[in-house]
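Asks: Numbering (the working numbering), first residue to last: 12 to 175. Positions of the beta carbon are idealized from the N, C-alpha and C atoms, including for glycine. Every value quoted in this text rests on a predicted model; they were computed, and no experiment measured them.
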Amino acid sequence: MNDTFGKIISLWIGCVLLFLLPLSFYAGEQNRMEKLFLLTETSYFVDSVRNTGRLTDTMLERFENTISSLSGLYQIEMEHASVLYGKPQENYDFILDCYYTKQIREQLESEGEYLFFQGDFFKVSLIEKKKGIGKKIQSLFLGIEGIQEGAAVYYGGMIRCEVE
Numbered sequence: 012m013n014d015t016f017g018k019i020i021s022l023w024i025g026c027v028l029l030f031l032l033p034l035s036f037y038a039g040e041q042n043r044m045e046k047l048f049l050l051t052e053t054s055y056f057v058d059s060v061r062n063t064g065r066l067t068d069t070m071l072e073r074f075e076n077t078i079s080s081l082s083g084l085y086q087i088e089m090e091h092a093s094v095l096y097g098k099p100q101e102n103y104d105f106i107l108d109c110y111y112t113k114q115i116r117e118q119l120e121s122e123g124e125y126l127f128f129q130g131d132f133f134k135v136s137l138i139e140k141k142k143g144i145g146k147k148i149q150s151l152f153l154g155i156e157g158i159q160e161g162a163a164v165y166y167g168g169m170i171r172c173e174v175e
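#1: Taking the alpha helix (DSSP H) that leucine 29 belongs to, which residues open and close that run?
#2: Hey, how far is the Cα of isoleucine 170 from the Cα of serine 93?
#3: Taking Cβ to Cβ, would you say glutamate 124 is nearer than 8 Å to threonine 67?
#4: Does the beta-carbon distance from arginine 65 to phenylalanine 133 come in below 8 Å?
#5: Between the alpha carbons of alanine 38 and leucine 81, how many angstroms are there, rounded?
#6: Please go through the same chain and pick out, in chain order, the residues whose beta-carbon is closer than 8 Å to the beta-carbon of isoleucine 78, but skip the five residues on each side of it.
#7: Can you tell which of Leu107, Leu31 and Thr69 has its C-alpha closest to the C-alpha of leucine 131?
#8: Apply the 10 Å Cβ neighbour rule to glutamate 139 and answer buried if 16 or more other Cβ atoms are within range, or exposed otherwise.
#9: Can you give the Cα-Cα distance for glutamate 122 and isoleucine 115, rounded to whole angstroms?
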């Protein structure tokens, strides 16, 4: 009886070590590759906006289509910040004028492009709304529940070239 119980336990441990641990490892690798892909595509998108000084419908649509091909669901958050300097009386006034995703999308819908000035800042954040396959497998094996909603990737910088 004891010998049979030991064989069953060793068979169960062997199955875990042979099948479940490598599956969990590859799920983690898939998460890392997906995050690297997101960072690469986001940096390409933001850098193209920073270099040209304009954001068009087709640029944003292409970026959204690329992101939607992944296993997770991501929300795109954009931020445009302009620095305004007031007239000096005693000292300079430094005013930061910010526009967010809603205003940027409204401008894109009405005019087809959103223009920046040199020295403005543009930032894109990808917020994870739904877990991908890799995270679902890891949560199944590791017992982690819930979605840790937050910025999966963010990238931004100063506009180099303005539109004339």
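Replies: With the given structure in hand:
#1: Element bounds for leucine 29: n/a, residue is neither H nor E.
#2: 10 Å
#3: Yes; because the gap between Cβ atoms is below 8 Å, this pair is in contact.
#4: no
#5: 14 Å
#6: Apart from sequence neighbours up to five positions away, the residues of its chain that approach isoleucine 78 with a beta-carbon distance below 8 Å are Leu49, Glu52, Tyr85, Ile87 and Leu137, ordered along the chain.
#7: The sequence shown places aspartate at residue 131, rather than the leucine named in the question. Checked all of Leu107, Leu31 and Thr69; the closest Cα to aspartate 131 is Leu107.
#8: Taking a 10 Å sphere around the C-beta of glutamate 139, we find 16 or more other C-beta atoms and assign the residue as buried.
#9: 11 Å
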